[in-house]
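Chemist: Input: one structure, supplied below.
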């Protein structure tokens, strides 16, 4: 079984575990609700039935499946202290996951029309889904100030996030670059600019890290599009490539930020020439990541 087939199998298993067919999904809410409606189509404009539309607010996940016409009606409670901006996910078997963006202006729930009515792209062999990064992720220490930074979607889950993919013989023979994309908000280190790193390594081994610093997010607290590209030339076939994102401290205060839908796209060397900065020792990595 190749890497692409494994991806499709995992998505199928996740789809089975989260429920089958159309219907209301996890919609048990006491009291008044907001209803977000939309339509999920494929690249040809055909409806996708059974796609899951979900949003997580603190420790509760609200979800619904699309019907045979691709329509959905996602319900969330009106009696809730919504952040100014938040995000959910639209996920369907064999398709790239996509993010749905919400806002809460003037005490009313609003949804971005484009992201709530997506045309999903079929998965390709060169696509890498990081399953640990599909749902909303909050890194930091839950110690933050300011109207915008105080409106994060869920509680902090730690200060380091990691996931992996296997750089198989087949992938090595075709692809030697990867671009990591996701939507993020809150990336900034106490008005001094973001120092939060994203890195690739061979299973976290010292001397194998390639590190980049993530730029600041939008100042209004909305989600920004992130895309960071890395060369895979230093990795061998069969390596377990670790993707890692850190929240770093400034004056003992860790940056609090959120991200969703972490996704990788592989490409061959002819399509990109991407400089990298290898880290050659554990001490240097610690220094670059602010741990010493």
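Residue numbers (our numbering): 21 to 312. C-beta: ideal position from N, C-alpha, C; glycine also. Note that this is a predicted model, so its numbers are computed, not measured.
(1) So residue 278 packs on residue 172, CB below 8 Å; how close in whole Å?
(2) Taking C-beta to C-beta, are residue 261 and residue 137 nearer than 9 Å?
(3) Determine the burial state of residue 103: buried for a count of at least 16 other Cβ atoms within 10 Å of its Cβ, exposed for fewer.
(4) Taking 9 Å as the threshold (beta carbon to beta carbon), is residue 79 in contact with chain B?
(5) Use the C-beta contact count for residue 248: other C-beta atoms within 10 angstroms, 16 or more gives buried, fewer gives exposed.
(6) Specify, as a first and last residue, the run of the alpha helix (DSSP H) that residue 135 falls within.
(7) Using the beta-carbon count (16 or more within 10 Å), is residue 306 buried or exposed?
(8) Is residue 43 helix, strand or coil when you go by DSSP?
(9) Would residue 65 be called buried (16 or more neighbouring beta carbons within 10 Å of its own) or exposed?
(10) Answer with buried or exposed for residue 253, where buried requires no fewer than 16 other C-beta atoms within 10 angstroms of its C-beta.
(11) What does DSSP give as the partner residues of residue 184 in its beta bridges?
(12) Residue 174 and residue 7 - do their beta-carbons sit closer together than 9 Å?
(13) On the DSSP bridge assignment, give the partners of residue 53 in chain order.
(14) In the DSSP assignment, find the alpha helix (DSSP H) that holds residue 194 and state where it starts and stops.
Modeler: In this structure, then:
(1) 6 Å
(2) No, the Cβ-Cβ distance between residue 261 and residue 137 is not below 9 Å.
(3) buried
(4) Protein chain content of the structure displayed is limited to a single chain, and chain B is not contained in it.
(5) By the 16-neighbour rule on beta-carbons within 10 angstroms, residue 248 is buried.
(6) The continuous alpha helix (DSSP H) containing residue 135 extends over residues 133-136.
(7) Caution applies to residue 306, whose pLDDT of 45 falls short of 50 and renders its modelled position unreliable; the value that the coordinates give is listed next. With fewer than 16 other Cβ atoms within 10 Å, it is exposed.
(8) For residue 43, the predicted structure reports a pLDDT of 42, less than 50, and the residue's modelled location is therefore unreliable. A value from the coordinates is still provided. Residue 43 falls in the coil class under three-state DSSP.
(9) exposed
(10) Of the residues assessed, residue 253 falls on the exposed side of the cut-off, its CB having fewer than 16 other CB atoms within 10 angstroms.
(11) 262
(12) Because the chain is modelled from 21 through 312, residue 7 falls outside the range shown and cannot be assessed.
(13) 97
(14) Here the alpha helix (DSSP H) through residue 194 covers 189-194.
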